[in-house]
Structure formats: C-alpha cells, structure tokens
Amino acid sequence: MNKLAVLAFSILLLLSTILWYLANGSLNEYLKSQIELQGHYYSGQEASLLLAEFSDNTNSAQLNQLTLANLASYQAKNVLSVDQVFIELSAQQNSSLLTKIDKITLNKLIINIEENKEGVSNIEQLIQIISLTLAKDYPQSYPAISAKIYAQEHPELDAEQYAKNHPEVGVITEHTKAKKSRGKAKPKMMIAAFNIKELELNITKKGITQLVLKQNITVNNIGGTEGIEMNQIGGEILLNLLKLAQN
2 MNKLAVLAFS
12 ILLLLSTILW
22 YLANGSLNEY
32 LKSQIELQGH
42 YYSGQEASLL
52 LAEFSDNTNS
62 AQLNQLTLAN
72 LASYQAKNVL
82 SVDQVFIELS
92 AQQNSSLLTK
102 IDKITLNKLI
112 INIEENKEGV
122 SNIEQLIQII
132 SLTLAKDYPQ
142 SYPAISAKIY
152 AQEHPELDAE
162 QYAKNHPEVG
172 VITEHTKAKK
182 SRGKAKPKMM
192 IAAFNIKELE
202 LNITKKGITQ
212 LVLKQNITVN
222 NIGGTEGIEM
232 NQIGGEILLN
242 LLKLAQN
C-alpha cells in the first residue's frame, strides 16, 4: 500500500526529492499541497499552510502560517500553529538519495494543551495516533509499539509466553523487521539542527488556562548520520514538536 509522503512540517523533507525535478513556481505549489495532505495522514487532522517558498539562490525554503487542527472533542481550533519556518539545506549534497538539512528554525510555535473530562489531553491522544501510524509503517523503529499491534492483530499468539518456553528463540520479532525494498532505493533525509525561537504553551485544565513561554528550544538531531526515509521523518518531526508540550 502506497503511503502519503509525510506530515506538514516535513514538507522540507520533500524538498530533496522534488528539488531537482520541478521549477520554482510548481515546486512551491507542490510543497503546499503535500504538507496539507501529509499532515492529515499522520494526525488525522486538517493541516493548513498559507505559503511555501523555495529559493535556489540561497538553497533555503520558508513556510508561512502552518496550522494543525485540534481534535474534535476539544475547544481550541488548532492544536498547534507556527508563524514561520526557515529551512537551510546543506550546500554539499553527496548523494541524490540522502538530503542533508543543516538547520530548521521555527520562529514561534504555539501549542494548545487541553484535558477532557477523563483527564486525557489532546496532546496525549495525538502522540498516540502518530506513534501508532509510525509503528505500523516503520515497525523496525518502534519495536515495542509494533509488538503490541501485532499481538492485538494475532490474539492466538502469546509472544511473551512463547519466549519464556523457548528462550533460545526469543520474542516473536518477524513483524518488526524492515521489509526489503523493491525497485529503487528510497530517498532519505537527515536534519542536523532543529531550533524553536519561541514556544508558547496554552495549558487548559478544568476551565483554567495557564500560559507558559519558553525560548530557544533545541530538538535532537533527526535522522542520525545515515538519514531515515522521507515518509517517516515528517512523522518524527511532528512527534518531537508535540512532545515539547509534555516537558
């Protein structure tokens, strides 16, 4: 089954693949449409981007007014919004299959955190949704979650009990192995640095909203040194951003 590329923020992730094939005008429109489609794929919510602009003169891109709609059972319109995103591609691209991004900078990220009557937050639910999607698509990166999914889909198999009775075999792990790719190798991407200049958290509990402001937040390297598939890295970016609301 073909997967949609990636999430909203990972529009950048698509830069590498399409960069060499599309002219600036069509590239910008393509990026805008992809970020909206991909945002929905990972979160199940509507993603909206006002403008995407790539400049081959500076080897960079800028995204304006990016939003991700909130879950229906919560009050805020959007769960997160970003006014501007700046993407700096590495001047040296050693392989057409691996795109290196030197830095991604979010000018201002706003996250609206709400709890329902059961005390479960919209952030917790979205993190679970995104994690499950990533685990289904890339089980080798999420073995624990993937194993739970596998157990639910195959209740006749008791992996843990089997492992105890047959220690020489270990827990059933076939479903967590990376599937062999058919045809051409898939393009990958790595992000060396990820920075948020200003983070605004609006935390609402029992009708009371608390405002928390943070500056200069750094997210760990994404993709390591070898990179990960572009279709995965977008979900990883969104996951990292939402987890900022839990710290």
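Terminal number for the sequence shown in this note's numbering: 248, no gaps in between.
From the three backbone atoms N, C-alpha and C, an ideal C-beta is built for every residue, glycine too.
**Request:** Work out the CA separation of Gln46 and Ala164 for me, nearest whole Å.
**Result:** Note that Ala164 scores 49 on pLDDT, short of 50, meaning its location in the model is unreliable; the coordinates nonetheless yield the value given after this. Computed Cα separation, rounded: 39 Å.
**Prompt:** Where does Asp1 fall in DSSP's three states?
**Reply:** With the chain represented from 2 up to 248, any question about residue 1 goes unanswered, as that position is not in the structure.
**Request:** Compare the Cα-Cα distances from Thr100 to each of Ser49, Ser61, Asn217 and report the closest residue.
**Result:** That would be Ser61, whose Cα lies nearest to the Cα of Thr100.
**Item:** Residue burial classification, Gln76 (beta-carbon count within 10 angstroms, cutoff 16)
**Value:** Under this definition Gln76 is an exposed residue.
**Message:** For Ser122, count the other beta carbons within 10 Å of its own beta carbon; 16 or more makes it buried, fewer makes it exposed. Which is it?
**Reply:** The residue is buried, with at least 16 neighbouring Cβ atoms inside 10 Å.
**Item:** Other residues of its chain near Gln216: CB distance less than 8 Å, five sequence neighbours each side excluded
**Value:** Answer for Gln216: Lys198, Glu199, Leu200, listed in chain order.
**Buried versus exposed call for Gln233 [16 or more other C-beta atoms within 10 Å across all chains shown]** = Buried is the label assigned to Gln233, since at least 16 other Cβ atoms lie within 10 Å of its Cβ.
**Asked** Helix or strand or just coil, what does DSSP make of Asn79?
**Response** Reduced to three states, the DSSP call for Asn79 is strand.
**Item:** Completely contained beta strand (DSSP E) runs for the segment 44-114, where each covers 3 or more residues
**Value:** Whole beta strand (DSSP E) segments, 3+ residues: 48-56, 61-70, 79-90.
**Asked** Do you know offhand how far Ile128's Cα is from Ser97's?
**Response** A direct Cα-Cα distance of roughly 32 Å separates Ile128 from Ser97.
**Message:** Going by beta-carbon coordinates alone, are Phe55 and Leu28 separated by less than 8 Å?
**Reply:** The answer is yes: Cβ separation under 8 Å.
**Item:** Length of the line joining the Cα atoms of Ser74 and Ile36
**Value:** Straight-line Cα distance between these residues: approximately 24 Å.
**Prompt:** Which value, in whole angstroms, describes the spacing of the CA atoms of Lys244 and Lys207?
**Reply:** One Cα belongs to Lys244, the other to Lys207, and the distance between them is close to 22 Å.
**Request:** Report all residues from its chain with a CB closer than 6 Å to the CB of Val220; omit the five preceding and five following residues, and keep chain order.
**Result:** Same-chain partners within the cutoff: Phe195, Asn241.
**Prompt:** Is it buried or exposed for Asn222, if we count other Cβ within 10 angstroms and need 16 for buried?
**Reply:** Its Cβ having fewer than 16 others within 10 Å, Asn222 is exposed.
**Request:** Whole angstroms is fine: what's the gap from Ala53's alpha carbon to His155's?
**Result:** Cα to Cα, Ala53 sits roughly 44 Å from His155.
**Asked** Which term fits Ser44, buried or exposed, when burial requires 16 or more other beta carbons within 10 angstroms of its beta carbon?
**Response** By the neighbour-count rule (16 or more Cβ atoms within 10 Å), Ser44 is buried.
**Asked** DSSP beta-bridge partners for Ser122?
**Response** Among the bridge pairs identified by DSSP, Ser122 is matched with Glu116.
**Asked** Quick one: Cα of Ala186 to Cα of Ser91, how far?
**Response** Answer to the nearest angstrom: the Cα atoms are 21 Å apart.
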